[in-house]
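Only one structure is covered here, and it is reproduced in the block below.
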Amino acid sequence: MITVHLRYEIDADKLAEFTDYGQRWIRLVNRLGGDHHGYFMPSEGDSDEAFALFTFPSLAEYERYREASATDPECQEAFQFARETGCIRRYERRFLTPVFE
């Protein structure tokens, strides 16, 4: 199992746009074989930082998702939405292995 942790630097004036972007990706990741754990938006503290977590059964499954998202029309539309709105300034991706009881 692999969990992807995304740290976003977002435009604090475009929270509504970033929320829209996040809601699109929750559905898309789930449709393409992952288990999305949600987006975590600024509340207190830094107003320009948001996070997302989603899990795939394996790194190979994640790679299949990446390949599929590169050609999926809805995924491409979500990428374009982020570019057009400028809601994301930059992001970092980390791969984690979850530990459960």
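Residue numbers (UniProt numbering): 1 to 101. Glycine included, C-beta positions come from ideal geometry on N, C-alpha and C.
CA-to-CA, the gap between Leu53 and His37 works out to about 5 Å.
Excluding sequence positions up to five before and after Arg89, its CB lies within less than 7 Å of the CB of Glu9, Ile10, Asp11, all in the same chain and listed in chain order.
Rounded to the nearest whole angstrom, the C-alpha separation of Leu32 and Ser47 is 30 Å.
For the alpha helix (DSSP H) assignment, the uninterrupted runs of no fewer than 4 residues enclosed by the UniProt domain "NIPSNAP" (7-99) are, from N- to C-terminal side, 15-31, 59-71, 73-85. Distance from the Cα of Phe56 is smallest, within the candidate group Glu84, Lys14, Asp35, for Asp35. Nearest neighbour of Leu28 by Cα position, chosen from Thr3, Cys87, Phe79, Cys75, turns out to be Cys75.
As the crow flies, the alpha-carbon of Glu92 is around 20 Å from that of Ala60.
Under a 10 Å Cβ-count criterion, Val99 is classified as exposed, with fewer than 16 other Cβ atoms of the shown protein chains found around its own Cβ.
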